[in-house]
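J.:
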Amino acid sequence: MPNEAFMREALALARDNVHAGGRPFGAVLVRDGQVIARAVNEIHASNDPTAHAELQAIRQASQVLGRSRLDGCEIYASGHPCPMCLAAMHLCGIERAWFAYDNDEGAPFGLSTAAVYAQMARPPQQQSVALRPLKPAGEEGLYALWQQVRPA
Numbered sequence: 001m002p003n004e005a006f007m008r009e010a011l012a013l014a015r016d017n018v019h020a021g022g023r024p025f026g027a028v029l030v031r032d033g034q035v036i037a038r039a040v041n042e043i044h045a046s047n048d049p050t051a052h053a054e055l056q057a058i059r060q061a062s063q064v065l066g067r068s069r070l071d072g073c074e075i076y077a078s079g080h081p082c083p084m085c086l087a088a089m090h091l092c093g094i095e096r097a098w099f100a101y102d103n104d105e106g107a108p109f110g111l112s113t114a115a116v117y118a119q120m121a122r123p124p125q126q127q128s129v130a131l132r133p134l135k136p137a138g139e140e141g142l143y144a145l146w147q148q149v150r151p152a
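Under the UniProt record's numbering, think of the first position of the sequence shown as 1, with each following residue one higher.
See the structure below:
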């Protein structure tokens, strides 16, 4: 069941971030009813375009829990997660994400990522970012090397 208190906290973080000169995005990452991480969008402070609230919360939670897998966790976000944040949630095992404001509500303010979702739905060769394979002649074995070297 969603917990409105966690969402209210994410929204308060977002409002505080606006007053600090940032974007209206906050996130709270929760596991077993306990807050593991709280974060805001830090693009304005870091000039890092990946410093979204959800990613910042994932980074913090991974450090707190000492692992890259966040199975059993959920995120409360003030805004609809962008495709990058949603992909990160899939990759680390987050089970649920809740958001307060959707892309339609963000669109009049330039805060919608619907266009990026539309690009990502296209086959890779048809997206606006040219994605093409390029493996130099003689290159082989990188993944096999990883398989041999990684700890069991």
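Idealized CB from N, CA, C, for every residue including glycine. All values derive from a computational prediction rather than experimental measurement.
Do I43 and G66 count as a contact pair if the criterion is CB distance below 9 Å?
T.: No, they are not a contact pair.
J.: Taking the beta strand (DSSP E) that Q34 falls in, what are its first and last residues?
T.: Element bounds for Q34: 34-40.
J.: What would DSSP say about S78, mapped onto helix, strand or coil?
T.: Residue state, collapsed to three classes: strand.
J.: Given 8 Å as the limit, is there contact between the region 107-116 and the region 1-21, that is, 3 or more CB pairs closer than that?
T.: Touching, no.
J.: For R122, does the three-state DSSP call read helix, strand or coil?
T.: R122 falls in the coil class under three-state DSSP.
J.: If you draw a straight line from the alpha carbon of A121 to that of A114, how long is it in whole angstroms?
T.: Each residue's alpha carbon lies about 11 Å from the other.
J.: How would you write the range of the beta strand (DSSP E) that F99 sits in, first residue to last?
T.: 96-101 is the span of the beta strand (DSSP E), which, as asked, contains F99.
J.: Quick one, which of V35, N17, F25 has its alpha-carbon nearest A5's?
T.: Nearest C-alpha to A5: V35.
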